[in-house]
Structure formats: C-alpha cells, structure tokens
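Chains as they are written, first to last, in the working numbering: chain S, 21 to 130; chain X, 2 to 113. For each residue, glycine too, the CB sits at the ideal point set by N, CA and C. These notes are about the structure you will find just below.
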Amino acid sequence: DVKVTQSSRYLVKRTGEKVFLECVQDMDHENMFWYRQDPGLGLRLIYFSYDVKMKEKGDIPEGYSVSREKKERFSLILESASTNQTSMYLCASSLGYVAFFGQGTRLTVV
Amino acid sequence: AQSVTQLDSQVPVFEEAPVELRCNYSSSVSVYLFWYVQYPNQGLQLLLKYLSGSTLVKGINGFEAEFNKSQTSFHLRKPSVHISDTAEYFCAVSALGNQFYFGTGTSLTVIP
Numbered sequence: 021d022v023k024v025t026q027s028s029r030y031l032v033k034r035t036g037e038k039v040f041l042e043c044v045q046d047m048d049h050e051n052m053f054w055y056r057q058d059p060g061l062g063l064r065l066i067y068f069s070y071d072v073k074m075k076e077k078g079d080i081p082e083g084y085s086v087s088r089e090k091k092e093r094f095s096l097i098l099e100s101a102s103t104n105q106t107s108m109y110l111c112a113s114s115l116g117y118v119a120f121f122g123q124g125t126r127l128t129v130v
Numbered sequence: 002a003q004s005v006t007q008l009d010s011q012v013p014v015f016e017e018a019p020v021e022l023r024c025n026y027s028s029s030v031s032v033y034l035f036w037y038v039q040y041p042n043q044g045l046q047l048l049l050k051y052l053s054g055s056t057l058v059k060g061i062n063g064f065e066a067e068f069n070k071s072q073t074s075f076h077l078r079k080p081s082v083h084i085s086d087t088a089e090y091f092c093a094v095s096a097l098g099n100q101f102y103f104g105t106g107t108s109l110t111v112i113p
C-alpha cells in the first residue's frame, strides 16, 4: 500500500512563527502536492512539485513556500504564521492518475 | 483548466435508504474522475475512479458512480447506506494526472 506520512496530526503555533509541515511518501512518486482544506471551500492547491527541486504554484501560494530536496519528501513552510492560516493541511502524492493522501495536519495559529 | 461542482453541501439520509451524491465537472479536454471519502480528522481515501472504459465504475464499500460525458457528470450512488458511511465525500477531476481539482465536498449524514 502507498503510504503518505505527515509528521504531525496537530500543531499549535504562535503568530509570526516559522512553521514547517513535513510530508514523506514511500512509493517513489514523481508528483507531490500540498492542499489546504477549509469548511465550505473544499481542497485548495497551495503548491505542487513534479520532480526534485521543481515546484509550481497552485491556487493559493501566498504566505507559503515549499521545499523538495529529495524525491520522497515535500515540505510546506509558513514563513510567518498568521491566524488566517489556521486550517487542515493535506499532503498527497501521485504516480499516473491517482492521488494518495496523508492523514492531514490540523494547524492552529494563535 | 478544470473545475468541479458538488451541488449538495449536506445530504441527510436514513439508514438502509439509497443515496446519490451529485458531481458535475467542467473541462475543455478529456479528464479522469474520482470520488474520495474523508472520515472525521482523517485524510482522503480513494473510493473509486474513472480513467477509461466502462462508464459505470464500482468502488469500495458498495459505492458506484456513472460517468456521463454528455451531461459532464459523475454522480456517486449507493443502494443502501450504513451508519459507517457518514463522512465527507469529495469529487475530483484531473486532466493530466499531475493536477487534481476538487469540489467543495458533500457531507453525508446517515440517520439511524
């Protein structure tokens, strides 16, 4: 089975902190994604990566950056966390035409 | 670009009754279609997918969906729901497999 692992299930951070969300997949997938999920808005794509060191902006990249130094790891970085970044963050990977998701990280910024 | 519309944000249904969750998509190219399920505080789990071939697709947990190209729809159905089907359901579309577009979700509540 494909396994996509997010390093934290729950995080609480203070406004202005730098936050790292880590995601690791074990299936040698080319593509990796970071989504943000909010009630009534569904999943919105923040960034995706189709290869090591390659990244593309999604629909809502403002306030976020990403890093992909190794194929299996895709990190989402909040340079200076703000309360409007309180959300559920979902990482996914894909090879071919199916995306596989991690368990999600619920981030609260206070 | 592609987009997905899930017409119903909340669907309550009695246990053992049938259910249909509606999904319409928009795309100028051929697409692949998916339904995902999300249980509380979990990630998304693939329920079923349409890539090609038969337009009636069967998935896990007794769910099925039918791809209708002329109506650009991919509705999800189950003939008899269980309490354990209570969850959020997301329809998604992908044109190339390297980007996925999701609907806003339908919250299915099964009432005992």
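Original post:
To the nearest angstrom, how far is it from the Cα of X:Val-58 to the Cα of S:Leu-127?
Top reply: What you label residue 58 of chain X is simply residue 57 of the second sequence in a count that begins at 1. What you label residue 127 of chain S is simply residue 107 of the first sequence in a count that begins at 1. When rounded, the distance between both Cα atoms is 36 angstroms.
Subject >> Enclosing beta strand (DSSP E) for X:Ala-96 [first to last residue] >> reply: Counting from one through the second sequence, the residue named residue 96 of chain X turns up at place 95. Taken as a continuous stretch (DSSP letters only), X:Ala-96 belongs to no beta strand (DSSP E), as it is neither H nor E.
**OP:** Please decide whether S:Gln-45 counts as near chain X, where near means a Cβ-Cβ distance under 8 angstroms.
**Re:** Within the first sequence, the letter at position 25 stands for residue 45 of chain S. So no, S:Gln-45 is outside the interface.
Original post:
Using a beta-carbon distance cut-off of less than 7 angstroms, what residues from the stretch 30-42 of chain S approach chain X?
Top reply: none
Original post:
Nearest-angstrom Cα distance between S:Gln-26 and S:Ser-95?
Top reply: Start at 1 with the first residue of the first sequence, and residue 26 of chain S comes out as number 6. Start at 1 with the first residue of the first sequence, and residue 95 of chain S comes out as number 75. Their backbone Cα atoms lie some 10 angstroms apart in a straight line.
Original post:
Is the beta carbon of S:Leu-98 less than 8 angstroms from the beta carbon of S:Val-39?
Top reply: Taking the first sequence and counting its residues from 1, the one referred to as residue 98 of chain S is at position 78. Taking the first sequence and counting its residues from 1, the one referred to as residue 39 of chain S is at position 19. A contact, by the Cβ cut-off of 8 angstroms.
Subject >> Contacting positions in the stretch 114-129 of chain S - beta carbon closer than 9 angstroms to chain X >> reply: Residues passing the 9 angstroms Cβ filter: Ser-114, Leu-115, Gly-116, Tyr-117, Val-118, Ala-119, Phe-120, Phe-121, Gly-122, Gln-123, Gly-124 and Arg-126.
Subject >> S:Thr-103 in three-state terms, based on DSSP >> reply: Counting from 1 along the first sequence, the entry for residue 103 of chain S is found at position 83. It is helical.
Original post:
Can S:Val-86 and S:Trp-54 be called in contact, C-beta distance under 8 angstroms?
Top reply: By one-based count along the first sequence, residue 86 of chain S stands at place 66. By one-based count along the first sequence, residue 54 of chain S stands at place 34. Yes; because the gap between Cβ atoms is below 8 angstroms, this pair is in contact.
Original post:
So, helix, strand or coil for X:Ser-85, using DSSP?
Top reply: The residue you call residue 85 of chain X lines up with position 84 of the second sequence. Here X:Ser-85 sits in helix by DSSP.
**OP:** Could you name the residues that DSSP lists as bridge partners for S:Leu-41?
**Re:** If you number the first sequence from 1, residue 41 of chain S lands on position 21. In DSSP, S:Leu-41 forms a bridge with S:Leu-96.
**OP:** Pull up the distance between the alpha-carbon of S:Thr-125 and that of X:Gln-43, whole angstroms please.
**Re:** Counted from its first residue, the first sequence places residue 125 of chain S at position 105. Counted from its first residue, the second sequence places residue 43 of chain X at position 42. Taking the straight line from one Cα to the other gives about 9 angstroms.
Subject >> Local conformation of S:Ile-66 per DSSP, three classes >> reply: Translated into the one-based positions of the first sequence, residue 66 of chain S becomes position 46. The answer is strand: DSSP assigns S:Ile-66 an E or B state.
**OP:** With hydrogens ignored, establish whether the beta-carbon of X:Ala-66 is closer than 7 angstroms to any heavy atom of the ligand COA.
**Re:** With respect to small molecules bound, the structure shown includes none, and the ligand COA cannot be examined in it.
Subject >> Beta-carbon separation (whole angstroms), S:Leu-115 vs S:His-49, contact threshold 8 angstroms >> reply: Taking the first sequence and counting its residues from 1, one reaches residue 115 of chain S at position 95. Taking the first sequence and counting its residues from 1, one reaches residue 49 of chain S at position 29. Confirmed, about 4 angstroms.
Original post:
Does the distance from the CB of S:Ser-28 to the CB of S:Met-52 come in under 8 angstroms?
Top reply: As a first step, residue 28 of chain S must be located in the first sequence, where it is residue number 8. As a first step, residue 52 of chain S must be located in the first sequence, where it is residue number 32. Going by C-beta atoms, S:Ser-28 is not nearer than 8 angstroms to S:Met-52.
Original post:
Of all Cβ atoms in chain S, is any one closer than 8 angstroms to the Cβ of X:Leu-45?
Top reply: On the second sequence, residue 45 of chain X is found 44 positions in, with the first residue counted as 1. Interface residue, yes.
Original post:
What did DSSP end up calling S:Ile-80 once you bin it into helix, strand or coil?
Top reply: Your numbering for residue 80 of chain S matches position 60 in the first sequence. Note: S:Ile-80 maps to coil in three-state DSSP.
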